[in-house]
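Taken in sequence, the protein lines are chains A and B. In terms of the numbering used here, the first sequence opens at residue 47 and continues consecutively. In terms of the numbering used here, the second sequence opens at residue 47 and continues consecutively. The structure appears below as structure tokens.
There are 2 protein chains.
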Amino acid sequence: MEADREGLHRPTDPQSFPLREADSSASCPTSERLDFPVAVVLPAGGSGERTGLATPKQFCTFLGRPLISYTIQAFERVTWVKNIVIVVANESLDLMKNIIQKHGHKKVKVVLGGPTRHRSIFNGLRVFMESQDDSQLTKPKVVVIHDAVRPFMEEEFLLKIANAAKEHGAAGAIRPLVSTVIATTSEGYLDHSLERTKYRASEMPQAFLFDTIYQAYQQCTEYDFEFGTECLHLVLQYCGTNAKLVEGPPTLWKVTYIRDLFAAESIIKENLSQRACVITGVHQEAVHLTHCLQKTLAQSMQVDTVSTWHGSDGSSPSTVLENYNLIYISVNSSSFHEINKLVETIGNTALPVLYPVVLIMDAEKWNDAVENASVIALSLIKDRNAALTGQMFVV
Amino acid sequence: MEADREGLHRPTDPQSFPLREADSSASCPTSERLDFPVAVVLPAGGSGERTGLATPKQFCTFLGRPLISYTIQAFERVTWVKNIVIVVANESLDLMKNIIQKHGHKKVKVVLGGPTRHRSIFNGLRVFMESQDDSQLTKPKVVVIHDAVRPFMEEEFLLKIANAAKEHGAAGAIRPLVSTVIATTSEGYLDHSLERTKYRASEMPQAFLFDTIYQAYQQCTEYDFEFGTECLHLVLQYCGTNAKLVEGPPTLWKVTYIRDLFAAESIIKENLSQRACVITGVHQEAVHLTHCLQKTLAQSMQVDTVSTWHGSDGSSPSTVLENYNLIYISVNSSSFHEINKLVETIGNTALPVLYPVVLIMDAEKWNDAVENASVIALSLIKDRNAALTGQMFVV
């Protein structure tokens, strides 16, 4: 069958696209730690009308997980973030609670939002004042406000923003403008265009000394609550605090349109395909084949090898099950029992919601076909296509 | 094997994502025609530094085709666009000529760019003045200027912009601002934020009366050529022409970051997966199975059926080969010869560069498994994974 042979030269091909925008799957603890308490407020009440979908975009699901869960995870990975307050609309309350339970989120508290974004954020902040007896919530020195629909927040940048807020009272992420911004006349004609170098797009996260932003909300008007756009603006107006602006990475972008959902899914897939672990078994031939396979795969991902997937006690799955895409090499049917056991173990484990793909190969005399095998293995890992689960492939 | 069963609930699952951002594959001629000549200038000299890739993004390839070729195709489909002038840097000249030849672009002329965007556009405009004896180039009444990295341009919107330019002298696409725009102090603090309702992002395409934009370029200064940002601004300054601003669809977005390449690839895949044709053959059982298959597939795509893929003369491939993803139903091995012939024909045809996926299924007694078969067929069509070419799947 002739088909899209050239389809390989696609964004997921690392030769054409050597750079990753983010690595959301890897846990990269910064060596620097903060010596003051930090909490996060995550308003998640948006309706997502710009995607044109019935489901608000923060609840759109890919790879078995709603977008907001990826965002929560990005903060949970940061050890110095103590609490994450998620503010949702009443109609999303049950859904949000289910998501938290299903995906095992630990640091979160859900509160009800208000009719506007500012009221929702204020509700989120208030729980720290009202819950003095709730030992799980610590009133933070610095509070970070983020969007539920910006899942690729990186610890390093969060650290910058939190430190800047501690020092200056407020800090916000900015990005260069992608398009020229123009002022329009009321009749829909060009009035003038702005000088791009003087302006920036205001993004998230933003961070504040808790007392500063809380005070700003206590003082602000009904009009601010209804029509105000920027928290940064409120602290300037009511507390005289000039926010420090920090240029963030492009990964801070906000999922706004359907194309952004596509992009987010692709980035997450890409991130989940960075590492594979080949389980060789002990057969000499399998070890040899692993070397060949590794040589090809290593152009696209980090490949480690182990001889067995289980721990020293012979039963508990080792960390390979939780951190890697797995490739099991088997040179003869004698390992059938072993494979069965592996599959069973994975089935029984509350495995990380990142869904490692398990690939098991029957590897008798495939020396010649090792390149084909690598290409298929790689594509199965990258595409994570559930419809192909259980299929046998010929190389 | 347990794996990502929930992976099915992803953006490409039409139940979660019922809306398409664009349909670049379908040819949708507007019934309205323009009664004046229109040409396009496509500056394509950008270095694409924001993606961080070695290849300028207009030349990044997915599904076997560089991004710029999708953009050219979007204009070539529009019958009332007469010429497309592509302005490239010297180092991309050969690459561009190869792309044009390989993908069969017809209406294009390639010219060399200058050191800045404005000089490149002016070079593109000049060919219409200099080539009076070149019968292939018609000096247009209206010239459209677009970006090579905005591949999802729709005819309907282009019509609006061209008509507005004819009437007002100049017209430009705008979009609402996604982020708040803020002015920064020279020390990096917030100065003020702009009132979002008064401003718009200026996008492409833009269109002009040819004589107006040409005159503006003839009069403008060295400074304009070096640092000017907007053609709209030049015609205002030098010809007193107030551009009409027209709000465009979100599909006008510009491929800027790696995530945009991911998104573009996903949208193109989605667009290529809108239609399938099931070739039933004449067996009663195959016709019955087709009905079952169609029922499931029709939730995700338009499914048509034909009894045979070849034309009445028994040899030439009919239009199904060029416009559909194909699913061939075979209920017994007697159709093996027929399948072989189909495969051979596809191989010999200069098939559309849109790469229809060919799927051939051996369908003896799979009444029970028809749902599984549909899921696999659908995922093969949607993923267009070349690594799986020639594989047999068990349902």
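Backbone N, C-alpha and C define an ideal beta-carbon position, used for all residues, glycine too. Being a predicted model, the structure only gives us computed values, none of them experimental.
For B:Cys106, the secondary structure class from DSSP, reduced to helix, strand or coil, is coil. For the options B:Arg242, B:Pro295, B:Gln283 and B:Asn209, the alpha carbon positioned closest to that of A:Thr275 is the one of B:Arg242.
Excluding residues up to 5 positions away in sequence, Gly160, Tyr263 and Phe271 lie with their Cβ nearer than 8 Å to the Cβ of B:Phe168 in the same chain. The C-alpha of A:Gly150 lies about 53 Å from the C-alpha of B:Val190.
The beta carbons of A:Phe174 and A:Ala85 sit about 7 Å from each other, so the pair counts as a contact at 8 Å. Only exposed fits A:Gly393, as fewer than 16 other CB atoms lie within 10 angstroms of its CB. For the pair A:Asn288 and B:Tyr235, the CB atoms are nearer than the 8 Å cut-off. Three or more Cβ pairs closer than 8 Å define a contact, and the segment 332 to 342 of chain B falls short of that threshold against the segment 303 to 313 of chain B.
In chain order, Pro89 place their CB closer than 7 Å to the CB of B:Arg163, counting only its own chain and leaving out the 5 sequence neighbours on each side.
About 11 Å separates the beta carbon of A:Gln252 from that of A:Gly294, a gap too long to meet the 8 Å contact definition. A:Tyr260 and A:Asp140 have their C-alpha atoms some 28 Å from each other. Under the three-state reduction of DSSP output, A:Val416 falls in the helix class.
Among the residues of chain B, none has a CB under 8 Å from the CB of A:Arg172; the nearest is roughly 24 Å distant. Distance from the Cα of B:Leu280 is smallest, within the candidate group B:Gln345, B:Ala216 and B:Val324, for B:Ala216. For A:Ile313, the C-beta contacts it makes with chain B under 9 Å involve Ile304, Arg305 and Phe308, in order along the chain. Beta-bridge pairing by DSSP links A:Lys155 to A:Val131. The criterion of a C-beta distance shorter than 8 Å is not satisfied by A:Ala208 and A:Leu388. Setting aside the 5 residues that flank it on each side, B:Lys206 is surrounded in the same chain by Val292, each with a C-beta closer than 6 Å to its C-beta; the list follows chain order. Within the DSSP bridge table, the entry for A:Phe174 names no partner. In summary, B:Lys315 is buried, with 16 or more beta-carbon neighbours lying within 10 Å of its beta-carbon over all protein chains present.
Residue contact check for A:Glu249 against chain B: a CB pair falls below 8 Å.
Proximity to A:Phe254 across A:Val224, A:Thr101, A:Ala120 and A:Lys185 peaks at A:Lys185, based on C-alpha coordinates. Looking at the DSSP output, B:Leu255 sits in a beta bridge with B:Val188. For B:Glu201, the closest Cβ of chain A is not nearer than 8 Å. Following the DSSP letters along the chain, one finds A:Leu335 inside the alpha helix (DSSP H) bounded by residues Gln330 to Leu343. Around the Cβ of A:Ala344, a 10 Å sphere holds fewer than 16 other Cβ atoms; the residue is exposed.
In the structure shown, B:Lys206 falls within a helical segment according to DSSP collapsed to helix, strand and coil. Within the DSSP bridge table, the entry for A:Asn371 names A:Ala322 as partners. Here A:Lys128 is not near A:Lys152, since their CB atoms are 8 Å or more apart. Going by beta carbons, A:Asp237 and A:Thr230 fall inside the 8 Å limit. Interface annotation, B:Gly294: not in contact with chain A, CB-CB separation never under 8 Å. In the DSSP assignment, B:Ser239 forms a beta bridge with B:Ile228. Ranking A:Thr302, A:Thr297 and A:Ser138 by CA distance to the CA of B:Trp299 puts A:Thr302 first.
At a C-beta separation below 8 Å, A:Lys212 has no neighbours in chain B, since its nearest C-beta there lies roughly 16 Å away. The beta carbon of B:Ser138 does not come within 8 Å of any beta carbon belonging to chain A, so the residue lies off that interface.
Against A:Lys290, the close residues of chain B are Gly234 and Tyr235, in the order they occur along the chain (beta-carbon pairs closer than 7 Å).
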